[in-house]
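Asker: Handing you a structure now.
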Amino acid sequence: MSLAGMVISPPAVDAADLNCLIQPYVTITVTAPVAGLLETVTVDRGDVVKEGQVVATIDTSVERAGGAVAHAQAELSNRRLADLELNRTTAEVAFRTLKSPINGVVVERYMHPGEFPKQERVLKLAQIDPLRVEVYVPVALLGRIAVGMTGLVKPEEPMKGEFQGKVTVVDRVVDAASGTFGVRMEVPNPDMKLPAGLKCTVRFSHR
1175 MSLAGMVISP PAVDAADLNC LIQPYVTITV TAPVAGLLET VTVDRGDVVK
1225 EGQVVATIDT SVERAGGAVA HAQAELSNRR LADLELNRTT AEVAFRTLKS
1275 PINGVVVERY MHPGEFPKQE RVLKLAQIDP LRVEVYVPVA LLGRIAVGMT
1325 GLVKPEEPMK GEFQGKVTVV DRVVDAASGT FGVRMEVPNP DMKLPAGLKC
1375 TVRFSHR
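Okay, here's the thing in C-alpha cells:
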C-alpha cells in the first residue's frame, strides 16, 4: 500500500522513569548596597520570607542626624528646599533597608548585627514555589517532548507521593558526552513542603 498522503503521528514518549533534580525557581543573594554598620538581621536560615519584607538594616543614625540638620537649616530659608532635604534623607534611609525581593526561604545567613559589610553578601534567598525540575532526557526521545507537556515527578526518599509538573523549556542542544538533552519543568509548591535539592524521577504523559 502506498504511503503517499499518510500522516504519521509522533511516537509516544517512553514510559520509563527519567532522572531529574529538583531545584529552586530562583536563588538570590541579598547584598549590602553601601558600606555601614549592620544594625539588624531579622531572619535566619530556614525562615520563610515574603516579598517586600525587611530582612536587614544598615545603621542610619548618621544619615538621620545629617538630614535633620539640613532640613532645619533649609526650613528657615525655603520650605521647598526643606521638603527636598526631607525626601533625600528618607531615600537614603530606605536605601539602607534591605528587603526580600521574593517569596521564599532563607538558604544562608552570612552576616550578623555589628559587622561592617562593604557591598558584601548578607543573605541568600531561594524561591521554592514553584520549583524547577531539571530532567536529563536520552537523545532517543528528541522531538517527543514539547513545551506544555505534563509529567509526574517523584522525589527520592523520604519524600512520598508524586507531583504534577509542566514542561517549560526543551533544550535545542544535545550533550554529546552523556547522550542527553535537558528539559525543564515547573512544579507548583504552594505549601513549600517539597524541598529543593532532591533527586527525582519523572514520567511523562503519553502524546
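Per my numbering: the sequence shown ends with 1381, consecutive numbering throughout.
We put the CB at the ideal spot given by N, CA and C, even for glycine.
Bear in mind the structure is a predicted one, so any value in this text is a computation, not a measurement.
Start and end of the beta strand (DSSP E) containing ASP1303?
Answerer: Residues 1295-1312.
Asker: Our contact map puts ARG1219 next to GLU1282 with C-beta atoms below 8 angstroms; I'd like the distance itself, whole angstroms only.
Answerer: The pair is a contact, with the Cβ atoms about 6 angstroms apart (cut-off 8 angstroms).
Asker: Is the beta carbon of THR1216 closer than 8 angstroms to that of ARG1295?
Answerer: Cβ distance not < 8 angstroms, so ARG1295 and THR1216 don't count as in contact.
Asker: Taking the straight line between their C-alpha atoms, what separation do you get for GLN1195 and PRO1207?
Answerer: First, the residue type needs correcting, since residue 1195 is Leu and not Gln in the sequence shown. Distance between the alpha carbons of LEU1195 and PRO1207 is about 33 angstroms.
Asker: What is the DSSP secondary structure of GLU1330, counted as helix, strand or coil?
Answerer: GLU1330: coil per DSSP, three-state reduction.
Asker: So what's LEU1125 in DSSP terms, helix, strand or just coil?
Answerer: Any property of residue 1125 remains undetermined from this structure, which presents the chain solely from 1175 to 1381.
Asker: Find out if the Cβ-Cβ distance for the pair ASP1303, MET1366 is shorter than 8 angstroms.
Answerer: Yes, they are a contact pair.
Asker: Please report the distance separating the alpha-carbon of LEU1192 from that of ALA1300.
Answerer: Distance between the alpha carbons of LEU1192 and ALA1300: 25 angstroms.
Asker: In whole angstroms, give me the CA-to-CA distance for GLY1131 and GLY1278.
Answerer: Because residue 1131 is not part of the residues shown, which for the chain are 1175 to 1381, the question remains open.
Asker: In three-state DSSP terms, what is GLU1360?
Answerer: GLU1360 falls in the strand class under three-state DSSP.
Asker: Quick one: Cα of TYR1310 to Cα of PRO1364, how far?
Answerer: Looking at the two C-alpha atoms, the distance is approximately 25 angstroms.
Asker: Evaluate THR1203 with the Cβ neighbour count: other Cβ atoms within 10 Å of its Cβ, from every protein chain shown; 16 or more gives buried, anything less gives exposed.
Answerer: By the neighbour-count rule (16 or more Cβ atoms within 10 Å), THR1203 is not buried but exposed.
Asker: Where ILE1232 and VAL1376 are concerned, what is the direct C-alpha to C-alpha distance, given to the nearest angstrom?
Answerer: Distance between the alpha carbons of ILE1232 and VAL1376 is about 45 angstroms.
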